[in-house]
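Asks:
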Amino acid sequence: MPENKVSYNTDKTAKAFLLLAISYLLFALLMGVTGGFQYILPDFLKDKLSFQQTRPLHVYLAISWIFTAAQGSIYYYLPRIANRPIAWKNGVQVHLLLQITISITIIICFFLGYFGGREYLEFPPFLGLFIFASWIPFTINFFRTLKPNYKTAPVYIWNWTTGIIFFFITLSESYLWLIDYFGGNIIRDVTVQWKALGSMVGSWNMLVYGISFYVMEKVSGNTKIAKSPIAFFFYFLGFTNLMFNWGHHTYIVPAAPWVKMVAYIVTMTELLILGNIIWQWRKTLNAALKNYSNIPYRFMMYAEVWIFLNLTLALIMSVPAWNYYTHGTHITVAHAMGTTIGINTMLLFASIFFIIQEELASAFGKIKKWITAGGRITNTALIVFWASLLGSGIAKISAKMEHNSFTEIMKKCAPWFQAFTYSGIIVYIGILILSIAGVKTLRANSIKRTNNS
Ligand code: HEM
0 MPENKVSYNT
10 DKTAKAFLLL
20 AISYLLFALL
30 MGVTGGFQYI
40 LPDFLKDKLS
50 FQQTRPLHVY
60 LAISWIFTAA
70 QGSIYYYLPR
80 IANRPIAWKN
90 GVQVHLLLQI
100 TISITIIICF
110 FLGYFGGREY
120 LEFPPFLGLF
130 IFASWIPFTI
140 NFFRTLKPNY
150 KTAPVYIWNW
160 TTGIIFFFIT
170 LSESYLWLID
180 YFGGNIIRDV
190 TVQWKALGSM
200 VGSWNMLVYG
210 ISFYVMEKVS
220 GNTKIAKSPI
230 AFFFYFLGFT
240 NLMFNWGHHT
250 YIVPAAPWVK
260 MVAYIVTMTE
270 LLILGNIIWQ
280 WRKTLNAALK
290 NYSNIPYRFM
300 MYAEVWIFLN
310 LTLALIMSVP
320 AWNYYTHGTH
330 ITVAHAMGTT
340 IGINTMLLFA
350 SIFFIIQEEL
360 ASAFGKIKKW
370 ITAGGRITNT
380 ALIVFWASLL
390 GSGIAKISAK
400 MEHNSFTEIM
410 KKCAPWFQAF
420 TYSGIIVYIG
430 ILILSIAGVK
440 TLRANSIKRT
450 NNS
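Going by numbering that gives the first Met the number 0, the sequence shown opens with residue 0, and the numbers climb by one from there.
1. Per DSSP, which one or two residues make a beta bridge with leucine 44?
2. Checking the sheet assignment: what are the DSSP bridge partners for arginine 117?
3. Let me check understanding here. Comparing Cα to Cα, which of His57, Ala372 and Phe243 lies closest to isoleucine 294?
4. What do you reckon, is the C-beta of histidine 326 under 8 Å from a heavy atom of ligand 1?
5. Starting from the N-terminal side, write out each stretch of the alpha helix (DSSP H) that is 4 residues or longer and does not extend beyond the segment 356-434.
6. For proline 147, which option in Thr160, Ile135, Phe137 and Pro136 has the closest C-alpha, if you only look at C-alpha atoms?
7. Could you name the residues of the same chain whose beta carbon sits closer than 8 Å to that of tyrosine 180, not counting the 5 residues immediately before and after it, in chain order?
8. Could you check the C-alpha separation between glutamate 401 and lysine 410 for me, to the nearest Å?
9. I need the DSSP call for isoleucine 21, collapsed to helix, strand or coil.
10. Return helix, strand or coil for threonine 67, following the three-state DSSP convention.
11. Just to confirm, are threonine 214 and phenylalanine 353 a CB contact at a threshold of 9 Å?
12. Does DSSP classify tryptophan 203 as helix, strand or coil?
13. Take proline 153 as the anchor and find which of Lys226, Leu314 and Asn378 has the nearest alpha-carbon.
14. Span of the alpha helix (DSSP H) holding glycine 153?
15. Ordered along the chain, which non-local residues of its own chain (more than five positions away) have a Cβ less than 7 Å from that of phenylalanine 363?
16. Let me confirm a value: asparagine 8 is counted as buried when at least 16 other C-beta atoms fall within 10 Å, else exposed. Which label applies?
17. Beta carbon of valine 438: closer than 8 Å to some heavy atom of ligand 1?
18. Taking 8 Å as the cut-off, is the CB of tyrosine 427 close to at least one heavy atom of ligand 1?
19. Rounded to the nearest angstrom, what separates phenylalanine 405 and threonine 331 at their Cα positions?
20. For phenylalanine 129, which of Ser102, Ile139 and Arg143 has the nearest alpha-carbon?
21. Quick one: is the Cβ of threonine 344 within less than 8 Å of any heavy atom of ligand 1?
22. Quick check on the DSSP output: what are the complete alpha helix (DSSP H) runs of length 4 or more inside the segment 126-194, in order along the chain?
23. Any heavy atom of ligand 1 closer than 8 Å to the CB of glutamate 118?
24. For tyrosine 59, count the other beta carbons within 10 Å of its own beta carbon; 16 or more makes it buried, fewer makes it exposed. Which is it?
25. Can you tell which of Ile105, Thr100 and Gln92 has the C-alpha that lies nearest to the C-alpha of proline 124?
26. In whole angstroms, give me the CA-to-CA distance for threonine 339 and isoleucine 85.
27. Taking the alpha-carbon of glycine 182 as reference, which of Arg117, Phe233, Asn204 and Ala230 has the nearest alpha-carbon?
28. Using a threshold of 8 Å, is the CB atom of histidine 402 nearer than that to any non-hydrogen atom of ligand 1?
29. So is lysine 45 in contact with chain B if we call contact Cβ pairs under 9 Å?
30. Between Asn82, Leu25, Cys108 and Leu19, which has its C-alpha nearest isoleucine 432's C-alpha?
31. Could you name the residues of the same chain whose beta carbon sits closer than 6 Å to that of valine 191, not counting the 5 residues immediately before and after it, in chain order?
32. Return helix, strand or coil for proline 319, following the three-state DSSP convention.
33. Does the beta-carbon of glycine 437 have 16 or more other beta-carbons within 10 angstroms, so that it is buried, or is it exposed?
34. Going straight from the alpha carbon of valine 304 to that of tryptophan 278, what length do you get?
35. Given phenylalanine 110, which residues of its chain have a CB within under 6 Å of its CB, disregarding the five upstream and five downstream residues?
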């Protein structure tokens with residue numbers, strides 16, 4: 000990124016967001032691996048930290064990693080795009096402070112066994128109000144710093160705007176069950192709840208895809224891609240997805256068959272969108288930029304592979320007739336983790352390493368081999384991890400079709416669970432290497448900047 004005269008006085012806080020995001024990720028992995036051990040050793044930590052605690056903790060922290068890394072990246076990019084400092088400097092610190100306080104409270108609640116929320120947001124519901132409030136400074140800063148002119152804005156500004164607005168909408172929707180009209184009727188409740196969460200995934204995808212667009216623009220130096228008609232065509236397709244793809248979560252609810260068919264067709268376009276965008280971008284790069292040592296490029300390529308793998312899986316599992324069998328099996332978990340690790344996490348690491356590479360080229364050279372090793376270990380282990388979840392899902396379906404007892408089902412799934420847990424440990428090691436590389440350089444850079452100022 001070319002340095003200019005604008006003072007980027009919030010870079011330190013933006014990096015603090017990225018460091019916080021990495022801490023969420025490492026803690027999420029620890030809880031995930033603990034949960035994995037509880038699959039193969041059901042009594043493992045049963046009295047102190049049961050699976051009923053490790054699962055919601057893991058999922059909450061994994062989602063926080065995605066949102067916080069996205070926010071940290073956007074805080075870093077905003078002044079560079081707008082060519083002016085962040086409008087409300089103290090707002091960034093207020094946001095960080097609120098975010099830390101809320102997550103510590105949520106983690107304590109989970110450890111003490113205080114639940115009360117719904118799937119993915121299982122903490123006591125009043126905390127949702129604070130999460131809502133913590134996004135307000137971010138939103139104010141986004142609009143006041145950018146002052147976007149949507150007629151000429153590149154697609155990533157549209158992505159971020161949509162992601163932010165829909166975060167507020169979907170978070171509010173996800174608490175509608177507190178009103179008796181929704182909570183008191185099981186069909187209404189399930190439909191609204193899964194609609195809200197499905198669209199919330201759409202909102203974080205908008206933030207992450209926008210970041211990827213920005214990084215792609217900077218890596219290639221080509222500003223035309225983010226303003227091209229094809230980019231906007233795919234943006235609107237993504238928007239349709241955000242609004243309607245949740246339908247595939249509610250196949251179990253009695254609804255007209257055409258609703259399920261529309262949901263299925265819309266769902267299929269989602270991953271195709273991003274896959275196509277990265278594919279198009281790759282064609283615009285020259286050989287030097289496609290160099291294997293270009294770290295952000297490499298993480299984009301990892302994401303591209305995972306897009307195609309998950310697209311194939313989504314195609315299969317969203318056929319309404321097949322979804323009847325796959326629903327509630329580990330095939331759904333494979334889809335959830337395949338996309339959040341393989342796509343979202345790889346794209347966010349592309350952004351974090353892009354920031355480090357641009358800022359601290361000399362230190363970056365020294366950690367490159369660690370990033371290379373971390374990326375390879377994570378992605379190789381992830382293939383085994385993902386395949387073992389699919390394997391256990393298929394084993395469960397076949398055992399059910401043979402009308403096996405619960406004990407027999409578990410016996411058939413056992414080898415897959417072992418492969419899942421052991422490969423999960425290796426995924427953890429790979430991401431730990433990437434995280435240490437990220438933390439060391441982000442911290443070194445902050446210290447250097449503080450000393451210079
Ligand atoms: C970047 C890393 C990761 C992310 C973003 C992530 C994300 C997620 C998400 C979104 C779910 C919810 C799935 C659903 O609702 O179907 C989940 C569940 C789970 N994850 Fe992960 N995960 C990560 C790594 C790991 C690792 C390394 C392990 C180690 C074994 C693991 C173990 C689990 C377990 C045991 C569950 C619960 C599955 C169940 O409901 O039975 N995760 N994860």
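Each residue gets a CB set at the ideal place from its N, CA and C atoms; glycine is no exception.
Replies: Walking through what the data contain:
1. DSSP, once it has assigned bridges, lists no residue as partnering leucine 44.
2. Leu120
3. Ala372
4. no
5. 360-400
6. Thr160
7. Arg187
8. 14 Å
9. helix
10. helix
11. At residue 214 the sequence reads valine, which differs from the threonine that was named. Yes. Within cutoff.
12. helix
13. Lys226
14. The question names glycine, yet the displayed sequence has proline at residue 153. Proline 153 -> no alpha helix (DSSP H), and no H or E assigned at all.
15. Ile355, Gln356 and Thr440
16. exposed
17. no
18. yes
19. 19 Å
20. Ser102
21. yes
22. 126-145, 154-172 and 179-182
23. yes
24. buried
25. Ile105
26. 29 Å
27. Arg117
28. no
29. No chain B is present in this structure, which holds just one protein chain.
30. Leu25
31. Leu175 and Phe181
32. helix
33. buried
34. 11 Å
35. none
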